[in-house]
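K.L.:
Residue numbers (the working numbering), protein chains in the order written: chain A, 1 to 224; chain B, 1001 to 1811. Even for Gly, the Cβ is constructed at its ideal location relative to N, Cα and C. It should be emphasised that the depicted structure is a prediction, and the values quoted were computed from it without experimental measurement.
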Amino acid sequence: MPALSGLWVSALVVGLIGSGTHCIGMCGGIMGALAANIRKDQARVWPFLFAYNIGRIVSYALAGAVLGGFGHRLMAAVPGPGVAAVGDRIAALFMVALGLFLGGWWRALGRLETWGGHAFAYLRPLGQRFLPVTNLRQALGLGLVWGFLPCGLVYSVLAWALVSGSAVRGAGLMAIFGLATWPGLLALGSARRFSAWVRRPSVRKALAALIVGYGLVSLISPLA
Amino acid sequence: MAAELKERANECFHCGLPCPPHDKWRLEALGVERSFCCPGCYEVARAILGSGLSEYYTLRTERGSGVQDAVPEFLKKADLYDHPAIQEGLVADRADGDKEVSLLLEGIRCAACVWLNERHIADLPGVKSVKINYTTQRAFVRWDDMRIHLSDILKAVGEIGYIAHPYQAGVVQKVFDRQRRDLLHRFVIAASFGMQVMMLALALYLGPSWGMSHGLFLVFEWLSAALATPIVTYAAVPFFRGAWRDLKQGRTGMDLPVALGIAIAFTVSLFDLIRGRGSVYFDSVSMFAAFLLLSRLFEDMARARTARSAQLLTHALPQDAVRLDVGDSEERVPVSLLAVGDRLLIRSGERIPADGVVTDGASSVDESILTGEARPVLKRVGESVIAGSVNMESALVVLVQRVGRETVLSTIEGLLERAQRDKPRLTALAERASAWFVGSLLVLATATAATWAFVNPAHIIPATLAVLVIACPCALSLAIPTALTAATGALMRRGLVVTRSSALELLARAQVIVFDKTGTLTEGCLSLARIVPRGDLRESELLALACALERRSEHPIAQAFLAAQGVATGNEAEGVQASPGEGLEGQVAGRRYRLGTRRFTGALGDPLTVEAEATEVWLSDECRPLGVFVFNDRLRPGAEALLQRLRRQGRRIALLSGDRAVTVDALARTLGIDEAHGDLLPEDKLAWIQKLSALGVVAMVGDGVNDAAALAAAPVAVAVGRRNVLAAASADLILLSGLTGLAESFRLVHRMRWVVRENLAWAILYNVVSLPAAALGLVPPWLAALGMSGSSLLVVLNALRLLVSGQGGQE
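1) Are the C-beta atoms of Gln1196(B) and some chain A residue less than 8 Å apart?
2) Taking the beta carbon of Gly170(A) as the centre, do at least 16 other beta carbons fall within 10 Å, making it buried, or is it exposed?
3) Would DSSP call Met1212(B) helix, strand or coil?
4) Mind checking who Gln1577(B) pairs with in its DSSP beta bridge?
5) At which residues does the beta strand (DSSP E) containing Val1333(B) begin and terminate?
6) Distance, Cα to Cα, Arg1142(B) vs Lys1128(B)?
7) With DSSP collapsed to three states, give me the class of Asp1703(B).
8) Where Gly1066(B) and Val203(A) are concerned, what is the direct C-alpha to C-alpha distance, given to the nearest angstrom?
9) Can you tell me the Cα-Cα spacing of Tyr1042(B) and Gly15(A), whole angstroms?
10) Taking only the alpha-carbon atoms, compute the straight-line gap between Pro1533(B) and Leu1604(B) and give it to the nearest angstrom.
11) Can you confirm whether Cys1019(B), when its beta carbon is compared against all beta carbons of chain A, has any partner nearer than 8 Å?
12) Can you pull the chain B neighbours of Phe177(A), defined as C-beta to C-beta under 7 Å?
13) Could you please tell me which residues of the segment 119-153 of chain A, in chain order, have their CB closer than 8 Å to any CB of chain B?
14) Considering Cα atoms alone, identify which of Pro1473(B), Gly1581(B), Leu1608(B) and Ala1164(B) is closest to Asp1679(B).
15) Mind listing which residues of the segment 91-115 of chain A have their C-beta closer than 8 Å to chain B's C-betas, in chain order?
16) Just to confirm before moving on: does the CB-CB distance between Ser1791(B) and Phe1291(B) stay below 8 Å?
17) If you drop the 5 nearest sequence neighbours on each side, which residues of the same chain put their C-beta closer than 6 Å to that of Leu1396(B)?
18) Helix or strand or just coil, what does DSSP make of Leu1105(B)?
19) According to DSSP, Trp1618(B) sits in a beta bridge with which residue or residues?
20) Candidates Ser1286(B), Val1716(B) and Ser1102(B): which alpha carbon is nearest Leu1507(B)'s?
21) Assuming the contact rule is C-beta atoms closer than 8 Å, Ile211(A) and Leu12(A) should be a hit. Round their C-beta distance to whole Å, please.
22) Can you tell which of Met1254(B), Glu1028(B) and Ala1259(B) has the C-alpha that lies nearest to the C-alpha of Val1114(B)?
23) Determine the chain B residues that contact Gly165(A) at a beta-carbon separation under 9 Å, and present them in chain order.
24) My parser needs the alpha helix (DSSP H) runs of 4 or more residues fully inside the segment 1350-1431 of chain B; what are they?
25) Taking 8 Å as the threshold, find out whether the segment 1462-1481 of chain B comes into contact with the segment 1423-1437 of chain B through three or more Cβ pairs.
26) Alpha carbon to alpha carbon, how far is Leu1760(B) from Ser1770(B)?
27) Which stretch, first to last residue, makes up the beta strand (DSSP E) that contains His1459(B)?
28) Could you tell me whether the Cβ of Ala1289(B) comes closer than 8 Å to any Cβ of chain A?
29) If we define contact as Cβ-Cβ less than 8 Å, is Gly87(A) a contact residue for chain B?
30) Output yes if chain B places a C-beta closer than 8 Å to the C-beta of Gly117(A); else output no.
31) By DSSP's criteria, Phe1271(B) is part of a beta bridge. Which residues make up the other side?
32) Go ahead and label Ala1435(B) buried or exposed: buried means 16 or more other beta carbons lie within 10 angstroms of its beta carbon, across all protein chains shown.
33) So is Leu12(A) in contact with chain B if we call contact Cβ pairs under 8 Å?
34) With distances taken between CB atoms, is the gap from Ala1139(B) to Asn1117(B) smaller than 8 Å?
35) Given that Gly1040(B) touches chain A, what residues does it touch there, using C-beta distances under 7 Å?
36) Which stretch, first to last residue, makes up the beta strand (DSSP E) that contains Glu1539(B)?
Listed below in structure tokens is the structure:
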């Protein structure tokens, strides 16, 4: 069994740091569009942001469950004690790749995003149905669809869901990741300066380096 | 801002991050082909543009906007404030040559800061007085401009690490906002990093039992150190800054224990980590910072809200007004240029910029900014309107009578400021106590550390940390001022202006409520029922004489006379002298006349009797009574309900009046008042108030004109305001709305008293229970942080309750 605790923490860290750099730029636009549509009235915007994020996390968890279940089947099919360890190494590699990607040093994950982009084209019309957002149901729907937006961050955590060991664990992992992105994203409504700070190249690179280091450590260290 | 968002080369149009070299994702937006960094941004932008929301991209401000450090330039600009043109409107010149200013102080964190600033400013040569209000962060300074300049005062404040600006309504909001943004920013950092540290701590805690390898264990420890570093070096900086500022002044402030706690925990953990032994407290550090910042944020918000509620917003006045010139052509001029005698056109929906009288048109006007009364009042030609009220229906032409600082609104604002300058004894005591408290706390922390060193060294750090963090001197110093300010704000919404904060406590305790009759319990707008001649003069001649005498009087009776006369006649009285509570004496056409009570006019011997409810006013010349004027008065709406309510609260009610005893008795019977006395001269009223004081605290409710002396003598004085006498009122509270508002006010101050008690009780109980527990090592550090934050927040929120439930009265 993979060191699940390590994965939980990793998912959390990636969600927190990653959302601070990448998602604020990207999903911030979505929030902004939602907010702009309901006027800049904080009290009224919050429920929408909430609904949107719930939708997004449900999508993540769904994807996590599918991949987790699939990975479980796969590992069961390949006998041998080394499988789990291999899975962990794969997860760690993804983490390194993610850090490199966020830092702008190596864009391998960008390739993944491109593929994801092609897939998302099928979902695009569905998302368009919920725009512009005028009620909570639409915000939720938009979140459900846009949870599948091509995103390297999500893909790398999905890779861990693949080796998590079961559908439930995969879903849990993705949900934790999703929750961890909240502080970074919700901060948008109020703390513009935070996002500006995180997106300074120096800060972004430092955080990315932190993720790479974290990934390297879990790659090298003998996981239990 | 939006203009700064220029498209930079190679930057994602949507998120602003660098685009990859291949530049594959492109889309036309706002007429130009744009590049995107990833398919995600491309999809989002496509969706936003596709649903016609492209204005999002023109309106947004956040992308690419850098962080600008707002370096305070105030000190550099301080000299500017000595310039007379700049002082205009900010600084008040007093009659005795002194100057007075209201300053906004940035950085006031606690009662000890208040005390320090007060002491420091007061020590400057040339400064006559200084009072600081904690809730509103404002300082009221009076100085002798020959000996010291405003810039010196501002610089002196800067020297001890605070920032002072002359108070301007607009600036306040900005400063509050900036402080709040800064705190929020720090909190977000503390919370997001803190959450990760907590997860790592959990892993470290569970790790060994789950078979976590030693290597990973170490990695996790180092990671938590790395994550906690920004929390300590950035998020917690305000605590260090505050503590350092205090230390430089050689005193201990509220930030010191917290700063010590964070610094000790972090340093010890770092050392233990490097030496590779012991447990690390990075999670505690993160929790302290996050919790304390959050509670400080909430506290600031609550405080700002409370402070706002207790201020009349003169900046709610419009910036400009439409002035009519002689030919009735319209001209838009800034309000600051308006002068007495200007004619203004006020369209419907506009706010009236100055006090004045309606010369054309009729409309209903919303005066709720002053009275709290939501129902608009009908204004016709000849009626006066006040600055700050809103014209609701149709256009009015208003002749300006008072502008700027002379307006009723400004006068009330001045009175409110006076109230906030006033510092009840108990507040001063609590401020003193909380400064002392921090000192003893440090002693206790040292003692705790020393004791545990002997008993069980493993507990030294957690127990000492808990002691430092759990103590909540804030609750003690916040307990009273927040409640007072909240009550002041809530009362204002009911149309009751508080001019002396310490009066609130007394009002709550008042056992005996003394009422004046005319203009207080009754409408005071008497109407002349009939005139009974007692000599040769005819009714119209009598009236003309009376009006001549009364022409310059403020007394309600005078208004009634003048109203009855209608058109003014040429009769002018000379040498008119008023004997309060008795009447007037003066010469008309060379003969002396007296107008007033039966006794004053020497008419005691006259057999004529007037019905009990009516008010009689006699006119006599040098030898005999000439006639009597009979006036009727109506009870004010809400009078009966008010008295019933007060009686239910167990208070005694007395009626003291200069009016005829029969009239007073009749009214007392109608209202069920036992203690009623008529025919009183002002000095009799004083004597009665002193006599009643034996029964408990006396509150006097009067109209502020006749009763000035009695109001001044009573421990608590409530003036039932005529607006034109506001400035003269020596009252502690001024009622601008109906009597119903007064009834609710009694309930409110009663509740305020409870809030103060609850707050004090909580502050004491909390500290008494929590400190020993922490010293004994029973409280884990995270709980200590939670307890301390919760405690000070509780106190502020408890005070805020006064405001929240206060809103019911308006709707």
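P.N.:
In terms of the structure at hand:
1) yes
2) buried
3) coil
4) Glu1585(B)
5) Glu1330 to Pro1334
6) 5 Å
7) coil
8) Unreliable positioning characterises Gly1066(B) in this predicted model, as indicated by a pLDDT of 27, which lies under 50. A coordinate reading is not provided.
9) 21 Å
10) 16 Å
11) no
12) Correct list: empty, because the minimum Cβ distance to chain B is about 12 Å.
13) Phe120, Arg124, Gly127, Gln128, Leu131, Pro132, Trp146, Leu149, Pro150, Cys151 and Gly152
14) Gly1581(B)
15) Gly104, Arg107, Gly110, Glu113 and Thr114
16) no
17) Ile1346, Val1358, Gly1361 and Ser1363
18) strand
19) Gly1596(B) and Val1628(B)
20) Val1716(B)
21) 12 Å between Cβ atoms; not a contact.
22) Met1254(B)
23) Correct list: empty, because the minimum Cβ distance to chain B is about 14 Å.
24) 1368-1371 and 1408-1421
25) yes
26) 15 Å
27) First-last for His1459(B): undefined, no H or E at that position.
28) no
29) no
30) yes
31) DSSP, once it has assigned bridges, lists no residue as partnering Phe1271(B).
32) buried
33) yes
34) yes
35) Met26, Glu113, Leu149, Pro150 and Cys151
36) From DSSP, Glu1539(B) is part of no beta strand (DSSP E) but of the alpha helix (DSSP H) over Glu1539 to Glu1550.
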